Amino acid sequence: YWFKYNSYAEWYFNTMRIDGSPTQKYHYETYGENFTYNDFVPLFNRAVRKWNPTEMADLFHKVHAKYVVLTSKHHDGFLLWPSQETKPPIKAT
2 YWFKYNSYAE WYFNTMRIDG SPTQKYHYET YGENFTYNDF VPLFNRAVRK
52 WNPTEMADLF HKVHAKYVVL TSKHHDGFLL WPSQETKPPI KAT
(Lines of atoms letter the chains of each structure in order from A and count residues from 1; the text may use other names and numbers.)
(Lines give C-alpha, C1' and ligand atoms only; values in the text may rest on other atoms or scores of the structure.)
Protein backbone atom coordinates (compact mmCIF):
# COMPACT_ATOMS: atom_id res chain seq x y z
CA TYR A 1 0.00 0.00 0.00
CA TRP A 2 2.61 2.58 0.97
CA PHE A 3 4.63 1.99 -2.23
CA LYS A 4 1.62 2.89 -4.33
CA TYR A 5 1.19 6.34 -2.78
CA ASN A 6 4.83 7.30 -2.17
CA SER A 7 6.68 8.96 -5.01
CA TYR A 8 10.00 8.02 -3.37
CA ALA A 9 9.23 4.32 -3.04
CA GLU A 10 11.87 2.98 -5.45
CA TRP A 11 14.73 4.32 -3.35
CA TYR A 12 12.85 4.68 -0.08
CA PHE A 13 15.42 2.84 1.99
CA ASN A 14 18.24 5.09 0.81
CA THR A 15 16.44 8.43 0.83
CA MET A 16 14.86 7.93 4.24
CA ARG A 17 18.38 7.95 5.71
CA ILE A 18 19.24 11.38 4.26
CA ASP A 19 18.81 13.92 7.04
CA GLY A 20 16.14 16.47 6.13
CA SER A 21 15.04 14.71 2.93
CA PRO A 22 11.34 14.79 2.01
CA THR A 23 11.33 11.00 2.34
CA GLN A 24 12.77 11.10 5.85
CA LYS A 25 10.23 13.74 6.84
CA TYR A 26 7.39 11.65 5.37
CA HIS A 27 8.68 8.51 7.08
CA TYR A 28 9.00 10.12 10.50
CA GLU A 29 5.57 11.77 10.27
CA THR A 30 3.88 8.61 9.01
CA TYR A 31 5.68 5.79 10.84
CA GLY A 32 7.75 7.47 13.56
CA GLU A 33 11.50 7.92 13.97
CA ASN A 34 12.03 4.45 15.45
CA PHE A 35 10.25 2.59 12.62
CA THR A 36 13.00 1.04 10.48
CA TYR A 37 12.84 -0.19 6.89
CA ASN A 38 12.85 -3.78 8.15
CA ASP A 39 9.78 -2.97 10.24
CA PHE A 40 7.88 -2.98 6.95
CA VAL A 41 8.46 -6.74 6.62
CA PRO A 42 5.36 -7.77 8.65
CA LEU A 43 3.27 -5.24 6.68
CA PHE A 44 4.51 -6.64 3.38
CA ASN A 45 3.87 -10.19 4.55
CA ARG A 46 0.29 -9.38 5.61
CA ALA A 47 -0.35 -7.65 2.28
CA VAL A 48 1.00 -10.56 0.24
CA ARG A 49 -1.56 -12.88 1.84
CA LYS A 50 -4.25 -10.77 0.17
CA TRP A 51 -2.60 -11.09 -3.25
CA ASN A 52 -4.82 -12.86 -5.72
CA PRO A 53 -2.92 -13.94 -8.84
CA THR A 54 -6.18 -14.84 -10.60
CA GLU A 55 -7.40 -11.25 -10.26
CA MET A 56 -4.11 -10.03 -11.67
CA ALA A 57 -4.28 -12.45 -14.60
CA ASP A 58 -7.89 -11.45 -15.27
CA LEU A 59 -6.86 -7.79 -15.37
CA PHE A 60 -4.03 -8.51 -17.82
CA HIS A 61 -6.51 -10.39 -20.02
CA LYS A 62 -9.10 -7.61 -19.77
CA VAL A 63 -6.64 -4.93 -20.92
CA HIS A 64 -5.27 -7.19 -23.68
CA ALA A 65 -1.74 -7.18 -22.30
CA LYS A 66 0.68 -8.65 -24.84
CA TYR A 67 3.10 -9.76 -22.12
CA VAL A 68 3.76 -9.32 -18.42
CA VAL A 69 7.05 -9.22 -16.54
CA LEU A 70 6.74 -10.24 -12.91
CA THR A 71 9.42 -9.28 -10.43
CA SER A 72 10.00 -11.95 -7.83
CA LYS A 73 12.47 -10.01 -5.73
CA HIS A 74 12.67 -6.31 -4.99
CA HIS A 75 16.01 -4.60 -5.65
CA ASP A 76 16.73 -4.60 -1.92
CA GLY A 77 16.49 -8.40 -1.82
CA PHE A 78 13.01 -8.65 -0.32
CA LEU A 79 11.03 -11.51 -1.87
CA LEU A 80 7.67 -10.30 -3.12
CA TRP A 81 5.81 -13.51 -2.36
CA PRO A 82 6.35 -16.61 -0.23
CA SER A 83 9.25 -18.81 -1.30
CA GLN A 84 11.18 -21.81 -0.01
CA GLU A 85 14.38 -19.89 -0.82
CA THR A 86 16.32 -19.02 2.34
CA LYS A 87 17.99 -15.92 0.93
CA PRO A 88 17.80 -13.00 1.58
CA PRO A 89 18.21 -12.86 5.35
CA ILE A 90 14.99 -10.83 5.69
CA LYS A 91 12.70 -13.47 7.12
CA ALA A 92 8.95 -13.65 6.73
CA THR A 93 7.10 -13.14 10.00
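According to my numbering, the sequence shown holds residues 2 to 94 in order.
By construction, the Cβ of each residue, glycine as well, lies at the ideal position given by its N, Cα and C atoms.
Bear in mind the structure is a predicted one, so any value in this text is a computation, not a measurement.
Closer than 8 Å: residue i CB and nearest the ligand SAM heavy atom
i: F41; result: Absence of the ligand SAM is noted for the structure shown, with no ligands found whatsoever.
Residue range of the unbroken alpha helix (DSSP H) whose run includes residue i
i: F45; result: V42 to R50
i: K63; result: P54 to K63
i: F14; result: Y13 to T16
i: Y38; result: Note, Y38: premise wrong, no alpha helix (DSSP H); not H, not E.
Cβ pair residue i, residue j closer than 9 Å
i: F61; j: V69; result: yes
i: T16; j: T24; result: yes
i: D40; j: Y32; result: yes
Neighbourhood of residue i by C-beta distance below 7 Å, restricted to the same chain and skipping five residues each side
i: V64; result: none
Same chain only: Cβ atoms within 6 Å of residue i, ignoring 5 sequence neighbours per side
i: H28; result: M17
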